[in-house]
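Going by numbering that gives the first Met the number 0, 384 is the number at position 385 of the sequence shown; the sequence numbering is gapless.
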Amino acid sequence: MPWDWPGLWGSSRVRGPLWIWIWLSSTLPFLCIPINEVNLLDSRTVMGDLGWIAYPKNGWEEIGEVDENYAPIHTYQVCKVMEQNQNNWLLTSWISNEGASRIFIELKFTLRDCNSLPGGLGTCKETFNMYYFESDDEDGRNIRENQYIKIDTIAADESFTELDLGDRVMKLNTEVRDVGPLMRKGFYLAFQDVGACIALVSVRVYYKKCPSVVRNLVIFPDTITGADSSQLLEVSGSCVNYSITEEPPKMHCSAEGEWLVPIGKCMCKEGYEEKNNTCQGCRPGFFKASPQSQTCSKCPPHSYSHEKASASCVCEENYYRRESDPPTMACTRPPSAPRNAISNINETSVFLEWTPPADTGGRKDVSYNIVCKKCNSHSSLCEECGSHVRYLPQQNSLKNTSVMVVDLLAHTNYTFEVEAENGVSDLSPSARQYVSVNVTTNQAAPSPISIVKKGKIAKNSISLSWQEPDRPNGIILEYEIKYFEKDQETSYTIIKSRETEITADGLKPSSPYIFQIRARTAAGYGSFSRRFEFETSPVSVAASSDQSQIPIIAVSVTVGVILLAVVVGFFLSGRRCGYSKAKQDPEEEKMHFHNGHIKLPGVKTYIDPHTYEDPNQAVHEFAKEIDASCITIERVIGAGEFGEVCSGRLKLPGKREFAVAIKTLKVGYTEKQRRDFLGEASIMGQFDHPNIIHLEGVVTKSKPVMIVTEYMENGSLDTFLKKNDGQFTVIQLVGMLRGIASGMKYLSDMGYVHRDLAARNILINSNLVCKVSDFGLSRILEDDPEAAYTTRGGKIPIRWTAPEAIAFRKFTSASDVWSYGIVMWEVMSYGERPYWEMTNQDVIKAVEEGYRLPSPMDCPAALYQLMLDCWRKDRNSRPKFEEIVSMLDKLIRNPSSLKTLVNASNRVSNLLVEHNCLGTGAYRSVSEWLEAIKMGRYLEAFVQNGYSSMDTVTQVTLEDLRRLGVTLAGHQKKIMNSIQEIRVQLVNGMVPL
């Protein structure tokens, strides 16, 4: 036997099995197989005979020993280095590949270094070969050598020598090779020795798999890797119990048996939540309504669940949930009754108002229904009011806590029940909750006349008769008949009659006429009826000869005289009757008489609605009448001079619904208040410009009377700027100013003077577009806190008004330019109050003496210079709005021109009045200084932090102010402005400390 050859392994003639056993028992590692590897064969774990065959039989030799745990060690060795032409084969038994198309062979072996052999044998090799053969036959091992396919030639990384044997230090080599793709059920391995000294310690054959795993509640099964070393296998997973998915999740298995990032996931079904990669049912008292929810939630208030894995919670008794309510919402109940219902009666209209219920039932969708009952004062019996009664904005599903009920009967007792309901009221069997109000209507004007019949018609007359109004509301005292030739509405005739019939004489033959009739009681006139059109008879041909010329000539002469008188009167009266001299050219001599006003052809000129004899005529000429049913009032957003300001929606026939603002005329108004209220609409209706608030129309034929305009989401400009202090770029601010100037240019071109231009009267929308609004100066200023009395009587906004307008009430486009300069200052200072806490009298005095507002902080010099130009004392020296728009356009096109800011010395150079005017002079103490600038509230903070003298105050920074508790941006600016001015005055030697 080769192992016993003297001198081969060593002079001590140590038998091979002995040293192998000693060495293997101490060096073989603990068998730990990676989780992604599956063994097909491991010679170290086979307890019995391996069943391998050596050919020739005296070639490879099996050494069977046991380790210290008495486990068998299967070792094959061969060492026929002394013989020529060695060809020793070792064949394994049939190995099933178990469906794997790629397998791995791990060999552990030792190999003797040929150079260490005695005599340096020339036939010695240091390699051996490994082969395989695929077969479906477990007994097909008797095959020829040339049928095997070579896997590789195996060489040792470490070989041993005689010295190694003596020291018992062995070099164990490990080599791994892979084979694939395999096409059969199994295979044989073969090891060929061609003259080496080898000990094959172990052979392990395995394949790789991606082991079963649960990811994102998805089970991915054991997956054998592909045949290609770079192949990725797409594997579909399945959801764990009680979980679902919209698309089957997938994951890729790599050739090394590793799972890559999963695609898709499963979600626990309703009533189940994820815990430890499984879906577990919700505990009682908890629920999960949707697979998209991550965890179970506690049942919302007033609901419960007694079962495990509940998808929803059941409402407690007397609590409900609508189908549209989300399961996470608390169960709710109907609201209690509305509270504090009050009424305001105006003739046959009643304005009802109430307070929301004390208990809304836990819901926000509270609405109100109105039940109207007409009651007999003697029998106390009540009946429903009927369909003739109208409710504004509506009778049912009211969102607001007020409603106007109109078209009631005069001197009648009514009971109104205001019922509160919410989304679950119809689910509750309990009685409805309401509050009632009893009212008695007043004497009222009669309702409109609905039926007018024609009688005898001649060439110059028309006879009419009519029926009394459906609701006379008292004794009819007389009727008023208004008629005019069709398309000649501005020239009409009125006849009064106590009877229900009249004959209109003096009409033109073959001409259509429009008739309208209204009745009068002690309460006043009712509304005119709708228009009725009738036509006079034609004149005969014989009768229309020479005599017909006489009235024509007479009429022509009369009209000529009237026109001449009007023209002469026009030249004598200057700007009366709405005539504007804003644009004077030779065309002014071509005048036309229309509606009592002389207008230039081709030039749209503002017409003062107060020049109309009937203000209602001005409203109807310039403003479109809107049916109240087209308007939905949603919420109150403010209070105006004559009533509430609301936001809502307007849906006109054939058009899309859009948001609007609605001004309402409060109940109990006087006729003068109604005229003044609608006067603003008569003004707005004449304007059409993107920077002027747009009038949508008015509601005058029903109550409440309304003015409807476009809705501006961001409200008034001054409030918007205060809320967003410092949030805009200079270009954005200049864009706002440009829009205001463009709107004012349009008004100036029309000959309209605003007289109350201020940031509070500019509205701004969500796109930061500014629009000029509030065209009711004559009425608004009566209660305006920004106004002050002048020597001429009446109130004007002092801080925004030009000196000549204050002193002499000379309001012109030039005075609007002055006001525009103040608006510029407001915008650049983010809504700061002009002249701060100075009194109106101090403002008048300071401006007359030459004082001008200092530049706001970080204001571009070009903008501040434009402000100063707007504040020139000589109104003729101020820029026109056209020039202002052009200048702002240039600044916007050239943003670099806005980078130069006003420096501190320039800010103070405008103080042309005494230093104490704004409290920036020689202050004797910190207290005096703070009181002068109206910031006395911060005195204690200044003193406690060591700022007890004016020289220490000059060192204060903006960060110091924040540390002192001055957090309001406006107060910070005011204090820093004053400190900066004191610093400059100190540098210039103006103020000693």
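Glycine included, every Cβ here is placed at the ideal spot set by N, Cα and C.
Note that this is a predicted model, so its numbers are computed, not measured.
A straight line joining the alpha-carbon of Ile34 with that of Lys184 spans about 23 Å. According to the DSSP assignment, Ile625 belongs to no alpha helix (DSSP H), since it is labelled neither H nor E. Around the CB of Pro859, 16 or more other CB atoms lie within 10 Å, so the residue is classed as buried. Beta-bridge annotation (DSSP): Asp41 is paired with Arg203.
About 4 Å separates the Cβ atoms of Tyr319 and Val423, confirming a contact at the 8 Å cut-off.
Annotation: the segment 927 to 959 contains the following complete segments of the alpha helix (DSSP H) (minimum length 4 residues), in chain order: 938 to 943, 949 to 952.
Nearest to Arg530 by C-alpha distance, out of Tyr524, Thr604, Arg517, is Arg517. The segment 497 to 509 makes contact with the segment 451 to 466; the number of CB pairs closer than 8 Å reaches 3 or more. Only residues of its own chain outside the window of five on either side were considered, and among them Ser510, Pro511, Tyr512, Ile513, Glu532 have a CB closer than 8 Å to the CB of Lys485, listed in chain order.
With a cutoff of 7 Å on beta-carbon distance, Pro468 and Ile448 are scored as near each other. Taking the Cα of Cys371 as reference, the smallest distance to any Cα among His387, Thr359, Arg362, Ala357 is reached at His387.
A distance below 8 Å between beta-carbons, with the five flanking residues on each side excluded, links Cys381 to the following residues of its chain, in chain order: Lys372, Lys373, Cys374, Asn375, Thr414. Nearest neighbour of Lys274 by Cα position, chosen from Asn421, Leu259, Ser242, Val955, turns out to be Ser242. Between Asn723 and the set Gly830, Met683, Glu695, Ala658, the nearest pair of CA atoms involves Gly830. In this structure, the CA atom of Cys384 is about 49 Å from the CA atom of Leu756. Under the three-state reduction of DSSP, Lys844 is assigned to helix.
The C-beta of Gln487 has fewer than 16 other C-beta atoms within 10 Å across all chains shown, which makes the residue exposed.
Rounded to whole angstroms, the separation of the alpha carbons of Cys196 and Phe127 is 10 Å. Only residues of its own chain outside the window of five on either side were considered, and among them Ser304, His305, Glu306, Lys307 have a CB closer than 7 Å to the CB of Pro283, listed in chain order. One Cα belongs to Met856, the other to Tyr937, and the distance between them is close to 21 Å. Within 10 angstroms of the beta-carbon of Ser446 lie 16 or more other beta-carbons, which makes it buried. Here Tyr668 carries a coil assignment [DSSP, helix/strand/coil].
If only uninterrupted beta strand (DSSP E) runs of at least 3 residues are considered, those enclosed by the segment 681 to 707 are 694 to 698. In the structure shown, Gln432 adopts extended strand secondary structure according to DSSP, grouped into three states. Between Ala254 and Thr222, the C-beta gap is not smaller than 7 Å, which leaves the two residues out of contact.
The beta carbons of Tyr271 and Asn38 sit no closer together than 7 Å.
Judged by DSSP in its simplified three-state form, Leu216 adopts coil rather than helix or strand.
Non-local beta-carbon contacts of Asp135 in its own chain, meaning distances under 6 Å to residues more than five positions away in sequence, involve Arg183, Lys184 in chain order. In the pairwise beta carbon analysis, the segment 360 to 371 is classified as touching the segment 326 to 344: at least three pairs are separated by under 8 Å.
As computed with DSSP, Asp192 is found in a beta bridge with Asn87. For a cut-off of 8 Å, the C-beta gap from Phe108 to Val200 is around 6 Å, short enough to register as a contact.
When secondary structure is reduced to three states using DSSP, Ser296 falls in the strand class. For the pair Glu82 and Glu97, the Cα-to-Cα distance works out to about 41 Å. The DSSP-derived three-state label of Phe719 is helix. Taken through DSSP and simplified to helix, strand or coil, Thr327 comes out as coil.
Counting the other Cβ atoms within 10 Å of the Cβ of Asn215 gives 16 or more, which makes it buried.
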